[in-house]
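*Asks:* The numbering of the sequence shown is this note's numbering, which starts it at 1125 and goes up by one.
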Amino acid sequence: MSHETFETECAQVVSRLKSALIELFDAGHENPQQPQDVSRSLGINKTLTWSISRLLEAPSAIEAIPFIPGAGSIAKVADAFPKSPQLIEAKLKVRQAANEYDAMIARHAGDRATLELILDNILTDEGDRLGLSRRLTFRGNSGICGVQAKARLTTWIIVPNADNPDRLDLVTIRGYVNVRRLRPSVEWPIFKVRVWDDSPSSNLERWRPVDRSSEDGVPLLREFCRGELPPIDVTDNAKGRDFVVRSGPIGNAASFDCFTAEYMRGDVPRYRSDGDDTGEVGTSITTPCEHLVFDLLYHASLKECAKSESMIFGETFAQGQRTPATHDPRELPIPTRLTEIAGKPPAVATPLIPRYADMTQRVLDEIGINPAELRGLRLELDYPPLNSQLLIRFPLETR
């Protein structure tokens, strides 16, 4: 089945169904744009009349599909009109068109659930593309992996180094909110640290914990963590550094919030050079979660950061591996949109992340960054795919 064949036949079949319904409502002197009145007049369920109304209002066949009832329900609508000779032909057209629609589903998709997944992939607007697939995958991955979280936070802060303004300081905050185990034996890397080039910053030992009281190599912000945190081990491997959560109890009573913060001084260049004209920061989705908040806070003097773009890939890239360019086959067809965080300093507070503004202020105070000098961009995404990699990429300045 080609994309064009499906869309062409879908448009034809849905148009015939809409036309038949409009003829029936006109002949029966009912206004489909007033579904409550139609429900009372014909004695049928108002949810059904609402669906018919939305179906007829949809600007395209593809957008109408989510509102099309089954052939049996459409037949109930036709049967609810008076049994007058003038309506016999109009009712017959409606039933025939509904049956044609069901036949089209069987031919191209097999069932309505599969049709929804097809639509989820071919819709090309900037709406919630693959939203249905991501929601279904979140539930499935939660069961398979035995863990889930309410929200994922990643914040990157970029400022010029105080001693050498040609270099940049990096700060990162990572976290998950309301992490729940669904199986007691589950162990998984809750955070993955990767550096995607061969610069000195590939040395993971250059990262320092913001909270100097953190222990065992895990840079926790304990003041902002919630619940009894399970043991977390640091594991270095060929792909980078993983923070692995060990087994623990299940359910809401054992849920927890976990946040870490690290910084690196003057380890990356501010200006472009031969073969290096782009800066980027990223986050990986290591736990099935409902929401992602991905922020970039940058010094006002780093004006090129305002030109940042975002993208999402279907894999987490290993340490030392160059990240791909845009339009790479591994890039997922999911819209990611950066929006400006209002305010000077940026008003980062969000109901998804408890005490986020306080947490950010605490980190900035520890590092010695004036928040009023920062500007911000935010990427939000519901049900980010597990093991995906999101990037915010910006051009480096020209000296």
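Beta carbons are placed, not taken as given, at the ideal position from N, Cα and C, and that holds for glycine.
Taking the straight line between their C-alpha atoms, what separation do you get for Ala1151 and Glu1181?
*Replies:* Mapped onto the sequence shown, residue 1151 falls at position 27. Mapped onto the sequence shown, residue 1181 falls at position 57. Between Ala1151 and Glu1181, the C-alpha separation is close to 19 angstroms.
*Asks:* Considering only the alpha carbon of each residue, which of Leu1260, Asn1494, His1415 lies closest to Ala1424?
*Replies:* On the sequence shown, position 300 is the one that residue 1424 refers to. Considering only alpha carbons, the answer is Asn1494.
*Asks:* I believe Glu1504 touches Val1405 by the beta-carbon criterion, under 8 angstroms. Please report the beta-carbon distance rounded to the nearest angstrom.
*Replies:* The residue you call residue 1504 lines up with position 380 of the sequence shown. The residue you call residue 1405 lines up with position 281 of the sequence shown. Contact doesn't hold; Cβ gap of about 16 angstroms is too wide.
*Asks:* Rounding to the nearest angstrom, what Cα-Cα distance links Gly1267 and Arg1259 in this structure?
*Replies:* Within the sequence shown, residue 1267 is the residue found at index 143, counting from 1. Within the sequence shown, residue 1259 is the residue found at index 135, counting from 1. So the alpha carbons of these two residues sit roughly 13 angstroms apart.
*Asks:* By Cβ distance below 7 angstroms, which residues in the same chain neighbour Lys1431 in space, the five residues on each side in sequence not counted?
*Replies:* Taking the first residue of the sequence shown as position 1, residue 1431 is located at position 307. Phe1518, Pro1519, listed in sequence order.
*Asks:* Have a look at Phe1367, Thr1411, Leu1216 and flag the residue whose alpha-carbon is nearest the alpha-carbon of Pro1509.
*Replies:* Translated into the one-based positions of the sequence shown, residue 1509 becomes position 385. Comparing Cα positions, the closest option is Thr1411.
*Asks:* Run through DSSP, which three-state label would Gly1438 get?
*Replies:* The count along the sequence shown starts at 1 and reaches residue 1438 at position 314. In this structure, Gly1438 counts as coil in the three-state DSSP scheme.
*Asks:* Along the alpha helix (DSSP H) that carries Gln1220, what are the first and last residues, could you check?
*Replies:* What you label residue 1220 is simply residue 96 of the sequence shown in a count that begins at 1. Run containing Gln1220: 1212 to 1232, per the alpha helix (DSSP H) assignment.
*Asks:* Are the CB atoms of Phe1383 and Arg1305 within a distance shorter than 9 angstroms?
*Replies:* By 1-based counting over the sequence shown, the position of residue 1305 is 181. By 1-based counting over the sequence shown, the position of residue 1383 is 259. Not a contact, by the Cβ cut-off of 9 angstroms.
*Asks:* For Trp1331, which of helix, strand or coil comes out of DSSP?
*Replies:* On the sequence shown, residue 1331 is found 207 positions in, with the first residue counted as 1. Trp1331: coil per DSSP, three-state reduction.
*Asks:* Could you tell me the alpha carbon to alpha carbon distance between Glu1521 and Asp1381, rounded to whole angstroms?
*Replies:* In the sequence shown, the residue the question calls residue 1521 occupies position 397. In the sequence shown, the residue the question calls residue 1381 occupies position 257. Distance between the alpha carbons of Glu1521 and Asp1381 is about 37 angstroms.
*Asks:* Leaving out five residues on either side along the sequence, give the residues of the same chain with a beta carbon under 6 angstroms from the beta carbon of Phe1130.
*Replies:* Along the sequence shown, read from residue 1 onward, the residue named residue 1130 stands at position 6. Answer for Phe1130: His1232, listed in chain order.
*Asks:* Indicate whether Val1334 and Asp1366 have their beta-carbon atoms separated by less than 9 angstroms.
*Replies:* Position 210 of the sequence shown, counted from the start, is the residue given in the question as residue 1334. Position 242 of the sequence shown, counted from the start, is the residue given in the question as residue 1366. Not closer than 9 angstroms, so no.
*Asks:* Quick check: what's the CA-CA separation for Ile1465 versus Val1472?
*Replies:* Counting from 1 along the sequence shown, the entry for residue 1465 is found at position 341. Counting from 1 along the sequence shown, the entry for residue 1472 is found at position 348. Each residue's Cα considered, the two are about 7 angstroms apart.
*Asks:* Relative to the C-alpha of Ile1477, which candidate in Val1283, Thr1171, Trp1174, Tyr1300 has its C-alpha closest?
*Replies:* Within the sequence shown, residue 1477 is the residue found at index 353, counting from 1. Of the listed residues, the one whose Cα sits closest to Ile1477 is Tyr1300.
*Asks:* Hey, out of Pro1470, His1415, Ser1337, whose CA is closest to Ala1275's CA?
*Replies:* Stepping through the sequence shown from its first residue, residue 1275 is reached at position 151. Residue His1415 is the option with its Cα nearest to Ala1275.
*Asks:* Just to confirm before moving on: does the CB-CB distance between Leu1172 and Leu1141 stay below 9 angstroms?
*Replies:* Taking the sequence shown and counting its residues from 1, the one referred to as residue 1172 is at position 48. Taking the sequence shown and counting its residues from 1, the one referred to as residue 1141 is at position 17. No, Cβ-Cβ distance for Leu1172 and Leu1141 is not below 9 angstroms.
*Asks:* Taking only runs of the beta strand (DSSP E) that begin and end inside the segment 1325 to 1397, which ones reach a length of at least 3 residues, in chain order?
*Replies:* Complete beta strand (DSSP E) runs here, min 3: 1356 to 1361, 1364 to 1369, 1380 to 1393.
*Asks:* For Glu1490, which residues of its own chain have a beta-carbon under 6 angstroms away from its beta-carbon, when the five flanking residues on both sides are left out?
*Replies:* Here the question's residue 1490 lines up with position 366 in the sequence shown. Hits under 6 angstroms: Val1334.
*Asks:* Taking Ile1268 as part of the alpha helix (DSSP H), name the residues at either end of that continuous run.
*Replies:* For this step, residue 1268 is matched to residue 144 along the sequence shown. From DSSP, the alpha helix (DSSP H) with Ile1268 extends over 1255 to 1269.
*Asks:* Nearest by alpha-carbon distance to Arg1396: which of Arg1291, Arg1499, Leu1243 is it?
*Replies:* In the sequence shown, counting from the first residue as 1, residue 1396 sits at position 272. If we check each option's Cα against that of Arg1396, Arg1291 comes out closest.
*Asks:* Measure the C-alpha to C-alpha separation of Glu1240 and Trp1174 and round it to an integer number of angstroms.
*Replies:* Looking up residue 1240 in the sequence shown gives position 116. Looking up residue 1174 in the sequence shown gives position 50. Approximately 20 angstroms between the Cα atoms of the pair.
*Asks:* Expressed to the nearest angstrom, what Euclidean distance is found between the alpha-carbon atoms of Asp1226 and Ile1192?
*Replies:* Position 102 of the sequence shown, counted from the start, is the residue given in the question as residue 1226. Position 68 of the sequence shown, counted from the start, is the residue given in the question as residue 1192. Going by the C-alpha atoms only, they are around 10 angstroms apart.
*Asks:* Taking the alpha-carbon positions, what's the Asn1376 to Pro1159 distance?
*Replies:* Here residue 1376 corresponds to residue number 252 of the sequence shown, with the count starting at 1. Here residue 1159 corresponds to residue number 35 of the sequence shown, with the count starting at 1. Approximately 42 angstroms between the Cα atoms of the pair.
*Asks:* Using C-beta distances below 8 angstroms, list every residue in its chain close to Ile1229, excluding the 5 sequence neighbours before and after it, in chain order.
*Replies:* As a first step, residue 1229 must be located in the sequence shown, where it is residue number 105. The answer, listed in chain order, is Asp1235, Arg1236, Leu1239.
*Asks:* Quick check: the Cα distance between Ala1204 and Ser1143, rounded to an integer number of angstroms?
*Replies:* Taking the first residue of the sequence shown as 1, we reach residue 1204 at position 80. Taking the first residue of the sequence shown as 1, we reach residue 1143 at position 19. Ala1204 and Ser1143: Cα-Cα distance of roughly 18 angstroms.
*Asks:* How big is the Cα-Cα spacing for Thr1484 and Gln1136?
*Replies:* Counted from its first residue, the sequence shown places residue 1484 at position 360. Counted from its first residue, the sequence shown places residue 1136 at position 12. Between Thr1484 and Gln1136, the C-alpha separation is close to 54 angstroms.
*Asks:* Would you mind working out which of Gly1467, Thr1474, Phe1437 sits nearest Leu1456, comparing C-alpha positions?
*Replies:* Your numbering for residue 1456 matches position 332 in the sequence shown. Considering only alpha carbons, the answer is Phe1437.
*Asks:* What residue does the beta strand (DSSP E) around Tyr1422 start on, and which one ends it?
*Replies:* Start at 1 with the first residue of the sequence shown, and residue 1422 comes out as number 298. Segment 1413 to 1423, the beta strand (DSSP E) holding Tyr1422.
*Asks:* Tell me the residue span of the alpha helix (DSSP H) that contains Ile1491.
*Replies:* Indexing the sequence shown from 1 puts residue 1491 at position 367. Start and end: 1480 to 1491.
*Asks:* Is it right to say Lys1215 is buried, meaning 16 or more other beta carbons lie within 10 angstroms of its own, or is it exposed?
*Replies:* Your numbering for residue 1215 matches position 91 in the sequence shown. Counting Cβ neighbours within 10 Å, Lys1215 comes out buried, since at least 16 surround it.
*Asks:* In three-state terms, what does DSSP make of Glu1250?
*Replies:* Looking up residue 1250 in the sequence shown gives position 126. Only weak support exists for where Glu1250 lies, its pLDDT of 48 falling under 50; the coordinates are left without a value.
*Asks:* Under three-state DSSP, which class holds Glu1187?
*Replies:* The residue labelled residue 1187 in the question sits at position 63 within the sequence shown. In this structure, Glu1187 counts as helix in the three-state DSSP scheme.
*Asks:* Would you call Ile1212 buried or exposed, if buried means 16 or more other Cβ atoms sit within 10 Å of its Cβ?
*Replies:* The residue given as residue 1212 occupies position 88 in the sequence shown. Counting Cβ neighbours within 10 Å, Ile1212 comes out exposed, since fewer than 16 surround it.
*Asks:* Give the DSSP-derived three-state secondary structure of Asp1150 in the structure shown.
*Replies:* Your numbering for residue 1150 matches position 26 in the sequence shown. Of the three classes helix, strand and coil, the one that applies to Asp1150 here is helix, per DSSP.
*Asks:* Is the CB-CB distance between Leu1462 and Ile1409 below 9 angstroms?
*Replies:* One-based indexing of the sequence shown puts residue 1462 at position 338. One-based indexing of the sequence shown puts residue 1409 at position 285. Not closer than 9 angstroms, so no.
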